[in-house]
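Read through the structure below, which is laid out as structure tokens, and then see the notes.
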Amino acid sequence: MIEERLRQAAERLGQTLRANPAIGNYLAAQARLEADLDACGLLDELASRQAKLRQRQQAGPLTEEDLEDLRQVQRRVLDHPLIAAYQQAQQELLTLLPQVNDRISQLLGLDYAGVARPTSCCG
Amino acid sequence: MSTSGQATSHQVLSEDVEQAIQGFAQALAETPVFQAWEQAAWALRQDETAQTTFQQLATLDRQLRPLIMLGALDIGQRQQLLQLRDTYFNMPVVAAYGRAEDELRTLCQEANAAVAAAAGLDLTAWCGSGCCG
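Chains A and B are the protein sequences, given in the same order. If you're matching positions, the first sequence starts at 113 in the numbering used here and goes up one per residue. If you're matching positions, the second sequence starts at 215 in the numbering used here and goes up one per residue.
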């Protein structure tokens, strides 16, 4: 059980991050993506094609037709506006959040993400 | 708490984020668990026997690493490595550091869970090489 002062400071940090435009954009883009059946279906199709090709690859080289099929699905994914917006929002967080971690780590003298990361994330 | 230097990375962080980070780091650093960890880390650094034994273990591990990866250690080498590991990790100052580190990890995970709940995402998931190393 964490001390009240630390809990409040943690909540304040979380609320401040939540108010940051980059995080707001990401959460909104994620919600729009998850609510769109077409976009989700496209991502599922891509994942499914990739898995099938990985399996086929174990039996032998892929054909040019296999690769072109995959490229077509990849192009449709990249062209989908909601997916593109989500990826753009992801890129902004990949810039911001490591900097937040670096600053916390600098102040504490340890790798904050390395210590604070949930230990069961690999199942 | 370390206060040395002004990292260029924080120049792109807004003032409110910077202040919230400082408040969070200060609150964490002033907990008994964090201070106990700092104390244990300092004691470990000061203990010459522990430092020497660690260097011996690191050297032996490095020398035997190719054989370890091939599963080709003989019984003598395996015993040598295990004995040195036991010696190191059973040293009181090392065991104390291990306990302090475990408690700090638990505290940081709880604190981070509170940050994540308020933020709507877990910032640690966006940092480093991921949970699988």
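Every residue, glycine too, gets a C-beta built ideally from N, C-alpha and C.
Beta-carbon neighbours of residue i, restricted to chain A and to distances below 9 Å
i: residue 234 of chain B; result: 121, 124, 125, 126, 127, 128 and 129
i: residue 304 of chain B; result: None at all; the shortest Cβ gap to chain A is about 24 Å.
8 Å Cβ cut-off: residues of chain A touching residue i
i: residue 242 of chain B; result: 118, 121 and 220
i: residue 237 of chain B; result: 121, 124 and 125
i: residue 230 of chain B; result: 128 and 131
i: residue 330 of chain B; result: 126
Contacts that residue i makes with chain A (C-beta to C-beta distance below 7 Å)
i: residue 323 of chain B; result: 228 and 230
i: residue 319 of chain B; result: 227
i: residue 350 of chain B; result: For chain B, the structure presents residues 215 to 347; residue 350 of chain B sits outside this window and is missing.
i: residue 357 of chain B; result: Since the first residue shown for chain B is 215 and the last is 347, residue 357 of chain B is missing from the structure and cannot be characterised.
i: residue 245 of chain B; result: 115 and 118
Bounding residues of the alpha helix (DSSP H) (the contiguous stretch that carries residue i)
i: residue 322 of chain B; result: 306-333
i: residue 280 of chain B; result: 262-284
i: residue 231 of chain A; result: From DSSP, residue 231 of chain A is part of no alpha helix (DSSP H); its letter is neither H nor E.
i: residue 115 of chain A; result: First-last for residue 115 of chain A: undefined, no H or E at that position.
i: residue 226 of chain B; result: Taken as a continuous stretch (DSSP letters only), residue 226 of chain B belongs to no alpha helix (DSSP H), as it is neither H nor E.
i: residue 213 of chain A; result: 193-220
i: residue 153 of chain A; result: 149-171
i: residue 290 of chain B; result: 289-303
Pick from the options that is closest to residue i, judged by C-alpha positions
i: residue 294 of chain B; options: B:285, B:267, B:274 and B:319; result: B:274
i: residue 209 of chain A; options: B:251, B:303, B:335 and B:276; result: B:335
i: residue 114 of chain A; options: B:242, B:228 and B:233; result: B:242
i: residue 191 of chain A; options: A:180, A:155, A:165 and A:119; result: A:155
i: residue 312 of chain B; options: B:270, B:263, B:292 and B:257; result: B:257
i: residue 117 of chain A; options: B:277, B:279 and B:325; result: B:325
i: residue 231 of chain B; options: B:342, B:333, B:338 and B:339; result: B:333
i: residue 298 of chain B; options: B:246, B:247 and B:264; result: B:264
i: residue 141 of chain A; options: A:124, A:203, A:185 and A:165; result: A:203
i: residue 317 of chain B; options: B:254, B:235 and B:328; result: B:254
i: residue 244 of chain B; options: B:321, B:328, B:339 and B:342; result: B:321
i: residue 308 of chain B; options: B:229, B:260 and B:240; result: B:260
i: residue 197 of chain A; options: A:125, A:119, A:127 and A:134; result: A:134
Outcome for residue i when other beta-carbon atoms lying within 10 angstroms are tallied against a minimum of 16
i: residue 214 of chain A; result: buried
i: residue 227 of chain B; result: buried
i: residue 238 of chain B; result: buried
i: residue 303 of chain B; result: exposed
i: residue 284 of chain B; result: exposed
i: residue 129 of chain A; result: buried
i: residue 195 of chain A; result: buried
i: residue 159 of chain A; result: exposed
i: residue 206 of chain A; result: exposed
i: residue 172 of chain A; result: exposed
i: residue 179 of chain A; result: exposed
i: residue 211 of chain A; result: buried
i: residue 149 of chain A; result: exposed
i: residue 151 of chain A; result: buried
i: residue 330 of chain B; result: buried
i: residue 218 of chain A; result: buried
i: residue 216 of chain A; result: buried
Interface residues of chain B facing residue i [CB-CB closer than 8 Å]
i: residue 84 of chain A; result: Beyond the ends of chain A as shown, which are 113 and 235, falls residue 84 of chain A; an answer cannot be given.
i: residue 188 of chain A; result: Going along chain B, no residue has its Cβ under 8 Å from residue 188 of chain A, so there is no contact; the nearest lies around 27 Å.
i: residue 146 of chain A; result: Correct list: empty, because the minimum Cβ distance to chain B is about 14 Å.
i: residue 135 of chain A; result: 333, 334 and 335
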